[in-house]
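One structure is given here, and the rest of the page talks about it.
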C-alpha cells in the first residue's frame, strides 16, 4: 500500500469514528458526573431526524447541526427532570426514553424519508489541506472530523485542567463528600446531563448530515448510540481513551467492510457486534480486578495487567454502584 | 389518610396527559388527530378479523410480560429478553431443521420438543447474563444489552450463512418450515391460538409463583433486602439466577412460538421488539400482575392499529410506540410527583 492509500483508509476510519467520538464523549461527560444516560441511541436518532429536517427546510446544514444539538438537549432535559430532579430511576427513564425517541423520530420524520437534503460537504483548508497525511485525514475531509478532534481536546482540557472540571469529577466520584464541601451536586449533575445530551445530539446530527447522509427507515446510525455506550466503558471514562476506543471500533468496522470481499459471510456481522462482547469483558475485568481472585490473576498478566492497572481506572464512584453489582 | 390519590386516579391522570401529548404530536406531524386514533381503534378492535389479529399480537406480549414480571420481582432489569427471544427462536428452528417430518418421531412430538428446545435456549442465554451479574458483578442491563446484539449477530449469521436458502442468502429468512411443523392456525388467521393458550397458562403460572408460592415470597425478600435475605439463608444469588432462568425460558418459548406459529421460518427481526414492548407494558401496569394482561392487551391493540396507519393515512406505524412511550413516561413522572403511601407486592 502506498502512503496515499494508507492515508485514505485512515481518513475513512476517522470519518466513521467522528460521531462515535462525539456521542461517547457526551456520555462520558454525563457519567463522570454520576448520571447514566441510557437514552443515547434513541436520542441520536431523534437528533439525526431533527437535524435533517431542519437542514432541509432551511437549506443550511449548520442550522441543522444546531437543531440536532437542541434535540439532544431536550431529550437530556426530560431525563434530567424526571430522573435527577424528580428522582425516578435514571436507568428506567433512559430505557423508556430510548425506545420512545426512536419511534418518535421515525414517526415525525416519515414524510421526509428518502429525500435528498443538504450535507456538510467537505472542507478544504487552504494551507493545512496540503500537508502530506494530516491533510487527507483531517483538513481535507468532512468538518465533523476536526470537530470531533477539537471535542476530544476540549474534554481532556476540561476534566484535567479546569476548576469546573474538578468540581464535575468530584460530584461524580463522591457525591456525598462533594455535597459536604458545599458543591451544588444536583445542579452539576443536571448540567452534565444536559451537556452530554447536547454532544450526543450533535453526534446524531453529524450522522444524518455527513457520515450517513439523509433520513430513512432504518437510518444508518441505528445502534450507534449503544456502541457509544459500550465505548465509554471500554475507554475507562477518560476522554482520550474513549476517543481511542471509538477510533478502534471504527477501524474494526472499516476493516470489516474491506475484509468482506476476502472473507464473505461472517465478517460483516461479526465486526458489527464486536464492541458488545468487548464491553462485557471490560466490565467483568474492571469489576473483577477489585476483589476477586480472577482480578488478581488478570493483574499479573503482562500486557493486560498494565493496561488495567493504575489509579482511577474503573467507573466514577457514583455510577460504580450501578455498574459494579456486589451480590 | 392524607390526600394522596389512589393508584388508578394517578393512572387516569397519566393517561389524560398522555392523550394530550399524543394529540399534540399528531397535530405537529400534520395528521388529523381524531381520525388517526379512530383508524387505530377500528383496525385493532373493529372487526372479528381485527380482534383476532390483536389477540395474536397479545400472545408474545403476554408471555414476555409474564417473563419480565419474574425478573422485576427480583429487582432485575432483564433488558436481555430480546436476545433470549432470539436464541429461543434459533434453537427452535435448529431443532426443527434437524427433524424429518416423515421420520420416526411424530410431528407433534417434534413440535413439542422444539418448543422445549426454545425454552432451554432462552434460559441458557438468560443464565449467561445472570451469572455475569451474580458472579461477575456486571449489571444485567449492560450484559443484557451486549448479549442482545450478540444474539442478533448469531441470528443474522445463521440466516445468511449455514441456514441460508439453497442458492441464495436472503434477508427474507430461512426456508419455510414444512406444513407438519407449523402450529395449527385458526381459520386462516396469521397466528396460531395455541400460543395464546400457552401465554395465558404462563401468566397464571407466574401469578401463582409470585403471589402464592414460597419461591415468590423469598424472591420478594431478596428484592427488598438482599443483605437480610442472605443472612436468613435464602441464597440470593441462586434466587436471582432462578428468576433469570424462568424469564429466559418464557422468552425462549415466545421465540419458539413466533417461529412455529407466526413466521414459520427464522427471519432477521424475529423478536419483533416484543421483549422491550412487554417491559414497557409491565411498567405501565406499575409492575402489578393483575393489571398486566390489560396493559398487554392495550399495547397489542395499539401495535395492530399502528400497522394500518401507513396504508390509510400515510403515517408511520411507529406512532404505536410513541403512544406507548408517552404513557409509560407520564406514568413514571406521575408516580414521582404523587407517590403512593406504600409499595405493594407485584
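Residue numbers (our numbering), protein chains in the order written: chain Z, 121 to 447; chain F, 1492 to 1837.
For each residue, glycine too, the CB sits at the ideal point set by N, CA and C.
One finds 223, 226 and 227 in chain Z with Cβ atoms closer than 7 Å to the Cβ of residue 1809 of chain F, taken in chain order.
Look at residue 1634 of chain F: its C-beta is under 8 Å from a C-beta on chain Z.
Shown here for residue 315 of chain Z: same chain residues with a beta carbon closer than 7 Å to its own, the five before and five after excluded, namely 149 in chain order. The residue from Z:439, Z:126, Z:404 and Z:286 with its alpha-carbon nearest to that of residue 253 of chain Z is Z:126. In chain F, no part has a C-beta under 8 Å from the C-beta of residue 354 of chain Z; the shortest such distance is about 11 Å. In this structure residue 1584 of chain F is buried. Its beta-carbon is surrounded by 16 or more other beta-carbon atoms within 10 angstroms. Each of Z:437, Z:403 and Z:336 was checked against the Cα of residue 1626 of chain F, and the nearest Cα belongs to Z:403. Runs of the alpha helix (DSSP H) spanning 4 or more residues and lying entirely within the region 176 to 239 of chain Z occur at 181 to 199 and 210 to 228, in chain order. Residue nearest to residue 244 of chain Z within the set Z:237, Z:438, Z:257 and Z:236 is Z:257 (criterion: CA-CA distance). Shown here, residue 156 of chain Z sits in coil according to DSSP, grouped into three states, outside any helix or strand. For residue 196 of chain Z, not one C-beta of chain F is nearer than 8 Å to its own C-beta. In terms of beta-carbon proximity, residue 357 of chain Z stays away from the interface with chain F, with every pair separated by 8 Å or more. Residue 1738 of chain F places its beta carbon less than 8 Å from that of residue 1569 of chain F. Put simply, the CB of residue 377 of chain Z is far from chain F, with every gap to its CB atoms at 8 Å or more.
Residues of the region 143 to 164 of chain Z with a C-beta atom less than 8 Å from some C-beta of chain F are 158, listed in chain order. Here residue 1659 of chain F carries a coil assignment [DSSP, helix/strand/coil].
Residues of the region 1763 to 1776 of chain F whose Cβ lies closer than 9 Å to any Cβ of chain Z, in chain order: 1764, 1767, 1768, 1770, 1771 and 1774.
Contact of residue 1813 of chain F with chain Z by beta-carbon distance below 8 Å involves 220, 223, 224 and 227.
Residue 250 of chain Z counts as exposed, since fewer than 16 other C-beta atoms from the protein chains shown sit within 10 angstroms of its C-beta. If you compare the alpha carbons of F:1533, F:1506, F:1759 and F:1571 with that of residue 1800 of chain F, the shortest gap goes to F:1533. Following the DSSP letters along the chain, one finds residue 309 of chain Z inside the alpha helix (DSSP H) bounded by residues 305 to 326. Here residue 1787 of chain F carries a helix assignment [DSSP, helix/strand/coil].
Contact check for residue 1818 of chain F and residue 1775 of chain F: beta-carbon distance about 6 Å, within the 8 Å limit, so the pair qualifies. By the CB criterion at 8 Å, residue 172 of chain Z and residue 328 of chain Z fall inside the cutoff.
Chain order gives the chain F residues near residue 397 of chain Z as 1637, 1638, 1640 and 1641, where near means a beta carbon separation below 9 Å.
Ranked by how close their Cα comes to the Cα of residue 1587 of chain F, the residues F:1516, F:1672, F:1822 and F:1767 have F:1672 in first place.
Around residue 193 of chain Z, the same chain offers 314, 317, 318 and 321 as residues with beta carbons nearer than 8 Å, after the five sequence neighbours per side are excluded. Separation of residue 436 of chain Z and residue 202 of chain Z (C-alpha to C-alpha, rounded to the nearest whole angstrom) is 22 Å. For residue 196 of chain Z, the closest of Z:180, Z:174, Z:166 and Z:292 by C-alpha to C-alpha distance is Z:166.
Taken atom to atom, the span from the alpha-carbon of residue 155 of chain Z to that of residue 141 of chain Z is near 19 Å. In the same chain as residue 215 of chain Z, and ignoring 5 residues on each side of it, the C-beta atoms closer than 7 Å to its own belong to 158, in chain order.
Nearest to residue 1794 of chain F by C-alpha distance, out of F:1755, F:1547, F:1711 and F:1556, is F:1547. For residue 1716 of chain F, the three-state secondary structure derived from DSSP is coil. Ranked by how close their Cα comes to the Cα of residue 264 of chain Z, the residues Z:374, Z:358 and Z:182 have Z:182 in first place. Nearest Cα to residue 398 of chain Z within the set Z:151, Z:371, Z:347 and Z:357: Z:347. Taken through DSSP and simplified to helix, strand or coil, residue 1538 of chain F comes out as coil.
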